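Notes to accompany the following structure.
Protein chains in written order, with the numbering used here: chain Z, 6 to 94; chain L, 87 to 300.
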């Protein structure tokens, strides 16, 4: 892994940490701001919304890891094919 | 910050590529993320309720009074079952996160290679469930160590502030946590993610552990 890719992944990890924290807290903050009385329904619903938002915000990091892996696999296959060709040659 | 060779004229940033992919295949990404999210929700709610029930049984009266009576160490000893359930919950959620990560990585590889005959994006996990659980647990162990390092950094910064008598503003706590996460995640990227980008063999994992511990 090159430093360029590591830096990009590091930035994406930071972004997903911050976005993940904000999305997990957002539903409960909204309930407090709107003065919604705490019930079992609001508790479970806030948790469900928080998890869905959090999953959505984590997706870019997961996709980036997938892209790095796909890129690495493709370049490895090309290198192997190149060395095989060199051996045949 | 480029996925391809930075010297190449057509290099596109990794972030842009990820967002572009997200926008283009949002339905596939949502379909992949939905089952792990539902499972994570069920596990989190169940274990959270168990923790509340345990706490209610252990601490019947005022917790501050109890702590004063039996001391901090005694109180912490009482909290061990709750901490154990909390750790179990974190491990379950992390494993579900890894499940989603593998699914998304397979989806990206399938769409890049245009292979759709795989059936499910979770097939690699179904074929090697033991290997998946071992890898996820190894990664979780490293995150626990990273969390410990983070706490050391946060406590160190707080102690320096107390020694020089610096007033602590309200926004300081999230800022210090962010700095600690930034420092620890840099280590994670350098040591753990390269392990993802190549077949992580047993000796590779052992070497990784050695590097983290020593």
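We put the beta carbon where it would ideally sit given N, CA and C, even for glycine.
Nothing here was measured: the structure is a model prediction, and the numbers come from that model.
Under the 7 Å criterion on CB atoms, residue 71 of chain Z is classed as interfacial with respect to chain L. With respect to the 7 Å criterion, residue 127 of chain L and residue 19 of chain Z are not classified as neighbours on the basis of their beta carbons.
Taking CB atoms only, residue 58 of chain Z has no neighbour in chain L less than 7 Å away.
For residue 133 of chain L, the uninterrupted alpha helix (DSSP H) run begins and ends at 112–144, by DSSP. If only uninterrupted alpha helix (DSSP H) runs of at least 4 residues are considered, those enclosed by the region 177–242 of chain L are 209–213.
With a contact defined as Cβ atoms closer than 8 Å, residue 263 of chain L and residue 248 of chain L miss out at about 17 Å. At least one CB of chain L lies nearer than 7 Å to the CB of residue 18 of chain Z. Between the alpha carbons of residue 199 of chain L and residue 118 of chain L lies a gap of roughly 18 Å. Contact check between the region 22–37 of chain Z and the region 58–78 of chain Z: three or more CB pairs, one atom from each, fall below 8 Å, which counts as touching.
Taking 7 Å as the cut-off, the beta carbon of residue 194 of chain L is found no closer than this to the beta carbon of residue 122 of chain L. Contact annotation: residue 16 of chain Z and residue 69 of chain Z have beta-carbon atoms that are not nearer than 7 Å. Rounded to whole angstroms, the Cβ separation of residue 74 of chain Z and residue 191 of chain L is 6 Å, and the two are in contact under 8 Å. Each residue's CA atom was taken as its position, placing residue 33 of chain Z and residue 43 of chain Z some 10 Å apart. The C-alpha of residue 232 of chain L is placed about 6 Å away from the C-alpha of residue 270 of chain L. Contact check for residue 175 of chain L against residue 219 of chain L fails: the beta carbons are separated by 7 Å or more. In this structure, the straight-line span from the alpha carbon of residue 103 of chain L to that of residue 86 of chain Z is close to 27 Å.
Of all residues in the region 162–185 of chain L, the ones placed with a Cβ closer than 9 Å to any Cβ belonging to chain Z are 183, in chain order.
Residue 173 of chain L and residue 88 of chain Z have their C-alpha atoms spaced approximately 48 Å apart. Closer than 7 Å to the CB of residue 74 of chain Z there is at least one CB belonging to chain L. Under the criterion of beta carbons closer than 8 Å, residue 100 of chain L and residue 72 of chain Z qualify as touching, at roughly 7 Å.
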